[in-house]
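In this note's numbering, the protein residues as written are 154 to 304. We treat Cβ as the ideally placed atom computed from N, Cα and C, and that holds for glycine. Remember, predicted model here, so these are calculated numbers, not experimental data. Taking it in order: structure first as structure tokens, then the write-up.
Structural data, given as structure tokens:
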């Protein structure tokens, strides 16, 4: 219960909105948006093969922050770990990133100069809602051994 730690509930992401970010695309026109959609549709048929036709089951653990000061946090996220300890999700994310880069929609510099996606799920981003404080104190959250069953 993240809100039990005196975190404003408007800062916590709704469970229905949890997602993985493979990469950030900067799309400034309808043409660029349509191009990105076409590229992702082209990649989509590869997904069942990369996942080997098996469902994904995983957990969130190892809460982390995007800065070095736990008393003043904007972004809190959890590491994604598959229960079968396979690399299927990492492979999917990395191959999707590679495909998007090959198609010219982004470059590796936009991904921390890395060819590997940092698999994580953002739980709190104080920029999502203007209600409440601009940062949170995540000291207690980071000291607890919190694990979440995600799916």
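Item: Using the Cβ count rule (16 or more neighbours within 10 Å means buried), how would you classify residue 211?; Value: buried
Item: Name the DSSP bridge partner or partners of residue 226?; Value: 289
Item: Determine the DSSP secondary structure at residue 213, reduced to helix, strand or coil.; Value: strand
Item: Counting only runs of 4+ residues fully inside the region 177-212, write out the alpha helix (DSSP H) ranges in chain order.; Value: 183-196, 200-203
Item: Measuring straight from C-alpha to C-alpha, what distance separates residue 169 and residue 276?; Value: 12 angstroms
Item: Span of the beta strand (DSSP E) holding residue 276?; Value: 273-278
Item: Here's the rule I'm using: 16 or more other beta-carbon atoms within 10 Å means buried, otherwise exposed. How should residue 293 be labelled?; Value: exposed
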